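Residue numbers (my numbering), protein chains in the order written: chain A, 1 to 179; chain B, 1001 to 1179.
Glycine included, every Cβ here is placed at the ideal spot set by N, Cα and C.
Quantities reported herein were computed from a predicted structural model and do not represent experimental measurements.
Below is one structure, written out as C-alpha cells; comments come after it.
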C-alpha cells in the first residue's frame, strides 16, 4: 500500500496512538488502513463415497488438483461461499454439512475454512476456472498433485474421520503460503 | 474506495472480465481491489462457573457489555486472536477451548468467531478499551446491555450447551451490523 484509498495522498507505516502494531496511515486525511486476514471457503463434496476434485485452470498451481474453494465475498455466509465455489468451479450443486477444518496460512494472511458436503445429484462439469473435474475414490486421490497444503489437510482429515465414523473439526497452521 | 492504493490514481467500480461482481479497478494501473469480509475473534472466558465480561470504553456501543473480542490481525490464528483480545480488554490469560459460534454480520461484512475459554487463574483487570471488567453468574448477565447481537448469540448458546453437557458449534447470520 502506497496511497490512501480515500483521498489519494501518500500513506506511511506508523503505530497509531493506543495501538500496538504499525498501520498504513494517510499523511493527509489521517485515515488508518487496517489489513486483516482473508477468508477462503471450500468443501469436500461426496457422492456415494467418491470425492469431487477439480484441476485448476488458473494460477497459482495451474494443472494441480483441488477441492472447490475460493475467496469469500462480502454479504455471504461461509456455507454460501463454499457452495458457490462448487457451482463456479465444478458446476455442482452441494448440500453443505459440518465444518471440517480451519487452516491458517499465516504468511499468506489467509484463513481457509472447509466443510463436509454432499452432491445433491451426480451432475457436475468443468467450470471456467477448471481444466477437468472428476469423482475419485479415496485410493485414487492424486496426493502429490494437490494444489495447496490446506486441501491436503482437509482431505486427509475428511477420510480419517469418515473411516472412524465421526465428524470432528480440525485446526492447522503453516507459516508459508504454499508447499 | 476512491483511489488506487498502489498508484494513487482514481478507481471505478466495474465487473472485471471473467468475474461476476463489480470491483474497484484502477483506471491507471489496472489493479483490481477486492473487498472481503473481516474476521472478528472472541471467546467466552469461564472461571468456576462465572463468565468474564467487559464494559466497552470505546465506540461503537460504549458503556455496553461484551465478551472479549476484536479484529483478527495478519499472522495470527483465530485462537491466538481470541486469547490476545482477552489480554488486551481484560488483562486476562485464557486457555482457548472448542469453537462455540460463527456469526455472520452480512451487512457489516464481518464474520465473528467465538471459542469457549477458561481463565488460567482468577486474575483480570481493566484494559485500555474497557471501563469495567467482572466475573458474572449466568443469572446476572445484563442481557439488555450486551453490546452486539453476536455476543448475545454466543453467550446464549454457551449457557444452553453447558446446561446440556455438550459443546456444539453454532451458526447464525444477520443482515444488519448492530441491533
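- Looking at the DSSP output, residue 1066(B) shares a beta bridge with 1054(B).
- Annotation for residue 1110(B): 1037, 1038 and 1040 place their beta carbon closer than 7 Å to its own, counting only its chain and skipping 5 residues before and after.
- In this structure, DSSP gives residue 1124(B) a state outside helix and strand, which the three-state scheme calls coil.
- Under DSSP, residue 104(A) shares a beta bridge with 111(A) and 173(A).
- The stretch 5 to 20 of chain A makes no contact with the stretch 119 to 128 of chain A: fewer than 3 CB pairs, one atom from each, lie closer than 8 Å.
- When the alpha-carbon of residue 44(A) is set against those of 30(A), 128(A) and 70(A), the nearest one is in 70(A).
- CA-to-CA, the gap between residue 90(A) and residue 124(A) works out to about 6 Å.
- Per DSSP, reduced to three states, the secondary structure at residue 1130(B) is strand.
- Between residue 1162(B) and residue 1138(B), the alpha-carbon positions lie close to 11 Å from each other.
- Residue 1118(B) carries a strand assignment under DSSP once its states are collapsed to helix, strand and coil.
- Residue nearest to residue 105(A) within the set 173(A), 94(A) and 20(A) is 173(A) (criterion: CA-CA distance).
- Three or more Cβ pairs drawn from the stretch 1127 to 1138 of chain B and the stretch 1090 to 1104 of chain B lie within less than 8 Å of each other, which places the two stretches in contact.
- A straight-line Cα-Cα distance of about 28 Å links residue 1158(B) and residue 73(A).
- Cβ atoms of residue 3(A) and residue 1007(B) come within 8 Å of each other, at about 7 Å.
- In the DSSP assignment, residue 82(A) falls within the unbroken alpha helix (DSSP H) covering 78 to 90.
- Just so you know, the alpha carbons of residue 1080(B) and residue 31(A) end up roughly 27 Å apart.
- C-alpha of residue 26(A) to C-alpha of residue 1024(B): approximately 19 Å in a straight line.
- Residue environment analysis places residue 1108(B) among the buried positions, since at least 16 neighbouring C-beta atoms fall within 10 angstroms of its C-beta.
- Across the stretch 1116 to 1134 of chain B, CB contacts with chain A closer than 8 Å involve 1128, in sequence order along the chain.
- Residues of the stretch 31 to 62 of chain A that bring their beta carbon within less than 9 Å of a beta carbon in chain B comprise 33, 34, 35, 36, 37, 38 and 39, in sequence order.
- Beta-bridge pairing by DSSP links residue 29(A) to no other residue.
- Among the residues of the stretch 1161 to 1174 of chain B, those with a Cβ less than 7 Å away from any Cβ of chain A are 1169 and 1173, in the order of the chain.
- The alpha-carbon of residue 1011(B) is positioned some 10 Å away from that of residue 1029(B).
- For residue 136(A), the pairing in a beta bridge is given by DSSP as 51(A).
- Here the alpha carbon of residue 1042(B) sits roughly 14 Å from the alpha carbon of residue 1170(B).
- Taken through DSSP and simplified to helix, strand or coil, residue 166(A) comes out as coil.
- In the structure shown, residue 5(A) falls within a coil segment according to DSSP collapsed to helix, strand and coil.
- Apart from sequence neighbours up to five positions away, the residues of its chain that approach residue 145(A) with a beta-carbon distance below 6 Å are 64 and 65, ordered along the chain.
- Residue 1058(B) counts as exposed, since fewer than 16 other C-beta atoms from the protein chains shown sit within 10 angstroms of its C-beta.
- Residue 99(A) counts as buried, since at least 16 other C-beta atoms from the protein chains shown sit within 10 angstroms of its C-beta.
- Take the alpha-carbon of residue 133(A) and the one of residue 56(A): they are about 9 Å apart.
- Linking residue 1020(B) to residue 151(A) through their CA atoms gives a straight-line distance of about 25 Å.
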